[in-house]
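Okay, structure first, notes after.
Residue numbers (my numbering): 2 to 288.
Encoded structure:
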């Protein structure tokens, strides 16, 4: 009898593992592939890498091309881990992508997602999200944050800057429309890097966190978007060593083509993402 029970338990575990593997594949299929967006001589590369701590998890990202030379993007981190987080993640991605296809600015995307994700959220789960829009022709960039870590800018001259973005509340707590917009211009040769807290809060065997300083030190000017993501993920793993991964790790990078990429083969020079007056008139901004 005991051998039969052991066999049944083993079969149940195997079935559960198989179902989790299927769920993992479905979840990964919801994530966007890398994007190469062009508009005339201008262009950008967009890439993200996600490494889940378990078979399924709560981190996510999305890229949406809408119109000619426009990229919408989002990166998010759901509270909790495992299957509950994965289910809320699937709902969040769907809601955000639907909202992004109808909105004219990232704050509108987050406001609509905030309203939708509160509905039926009896478990009180939530997600931090950074949402953005880039017009490739002009380089104009708008960002809005729902409680997410501020992104970094890698200037074309190698300097790294944390963008001062005022964040609204995470999505899922309560319906909110308070998501201040950040306006800037992504110049040739500069990269925008967003990440989840699984990066900065990755711990080594001595319980030391990876932290923001190591993150900044790992960023290298000149990397394309994919190389920037991979370099950072590899640096996190090198730091943590044999310590178990306790949280999902996600990195998203967007790099505007340098002048060399589109034209002459020479370096782009010291371009950057320049912040604009958030109170300036945006009526004539291209969308």
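Cβ coordinates follow ideal geometry from the N, Cα and C atoms, glycine included.
Those residues which DSSP pairs with residue i across a bridge
{"i": "residue 180", "result": "Answer is none; residue 180 lacks a bridge partner."}
{"i": "residue 142", "result": "135 and 185"}
{"i": "residue 257", "result": "45"}
{"i": "residue 193", "result": "154 and 255"}
{"i": "residue 89", "result": "In the DSSP output, where bridge partners are listed per residue, residue 89 has none listed."}
{"i": "residue 204", "result": "210"}
{"i": "residue 129", "result": "78"}
Close Cβ partners of residue i (< 6 Å) along its chain, the five nearest in sequence each way excluded
{"i": "residue 14", "result": "none"}
{"i": "residue 151", "result": "163, 164 and 166"}
{"i": "residue 116", "result": "176"}
{"i": "residue 101", "result": "65, 73 and 110"}
{"i": "residue 168", "result": "146 and 148"}
Residue i to residue j span [Cα, whole Å]
{"i": "residue 40", "j": "residue 72", "result": "11 Å"}
{"i": "residue 74", "j": "residue 103", "result": "14 Å"}
{"i": "residue 263", "j": "residue 36", "result": "Low confidence applies to residue 263: its pLDDT is 48, below 50, so where it sits in the model is not reliable, and the reading given next is rough at best. Distance between the alpha carbons of residue 263 and residue 36 is about 16 Å."}
{"i": "residue 43", "j": "residue 235", "result": "30 Å"}
{"i": "residue 282", "j": "residue 228", "result": "Low per-residue confidence applies at residue 282: pLDDT is 37, beneath 50, and the placement is therefore not dependable enough to give any value."}
{"i": "residue 266", "j": "residue 185", "result": "Caution applies to residue 266, whose pLDDT of 39 falls short of 50 and renders its modelled position unreliable; the model cannot decide the point."}
{"i": "residue 107", "j": "residue 123", "result": "26 Å"}
{"i": "residue 89", "j": "residue 196", "result": "19 Å"}
{"i": "residue 252", "j": "residue 190", "result": "19 Å"}
{"i": "residue 48", "j": "residue 7", "result": "45 Å"}
{"i": "residue 135", "j": "residue 98", "result": "16 Å"}
{"i": "residue 172", "j": "residue 132", "result": "12 Å"}
{"i": "residue 68", "j": "residue 77", "result": "24 Å"}
{"i": "residue 10", "j": "residue 239", "result": "37 Å"}
{"i": "residue 91", "j": "residue 148", "result": "19 Å"}
{"i": "residue 157", "j": "residue 181", "result": "27 Å"}
{"i": "residue 105", "j": "residue 178", "result": "14 Å"}
{"i": "residue 183", "j": "residue 144", "result": "5 Å"}
Residue i - DSSP class collapsed to helix/strand/coil
{"i": "residue 246", "result": "coil"}
{"i": "residue 136", "result": "strand"}
{"i": "residue 79", "result": "strand"}
{"i": "residue 48", "result": "strand"}
{"i": "residue 32", "result": "coil"}
{"i": "residue 103", "result": "coil"}
{"i": "residue 64", "result": "strand"}
{"i": "residue 199", "result": "helix"}
{"i": "residue 212", "result": "helix"}
{"i": "residue 175", "result": "coil"}
{"i": "residue 124", "result": "coil"}
{"i": "residue 59", "result": "coil"}
{"i": "residue 38", "result": "strand"}
{"i": "residue 164", "result": "coil"}
{"i": "residue 221", "result": "coil"}
{"i": "residue 147", "result": "strand"}
{"i": "residue 71", "result": "strand"}
{"i": "residue 265", "result": "Note that residue 265 scores 38 on pLDDT, short of 50, meaning its location in the model is unreliable and no value can be drawn from it."}
{"i": "residue 169", "result": "strand"}
Residues near residue i by beta carbon distance below 8 Å, same chain, minus five either side
{"i": "residue 82", "result": "54, 55, 58, 59, 248 and 249"}
Residues near residue i in its chain [Cβ-Cβ closer than 7 Å; skip 5 each side]
{"i": "residue 221", "result": "232"}
{"i": "residue 96", "result": "114, 117 and 118"}
{"i": "residue 32", "result": "51, 61 and 62"}
Contact test: residue i Cβ vs the ligand SAH heavy atom, cutoff 8 Å
{"i": "residue 96", "result": "Ligands in the displayed structure: none, and consequently the ligand SAH is not present."}
- Message: When you compare the segment 21 to 36 with the segment 206 to 222, are there three or more beta-carbon pairs, one atom per stretch, that lie closer than 8 Å?
- Response: Because the criterion of three Cβ pairs below 8 Å is not met, the segment 21 to 36 and the segment 206 to 222 do not touch.
- Query: Per the contact definition of three or more C-beta pairs closer than 8 Å, is the segment 199 to 212 in contact with the segment 130 to 143?
  - Reply: Taking 8 Å as the limit for Cβ pairs, the verdict is that the segment 199 to 212 does not touch the segment 130 to 143.
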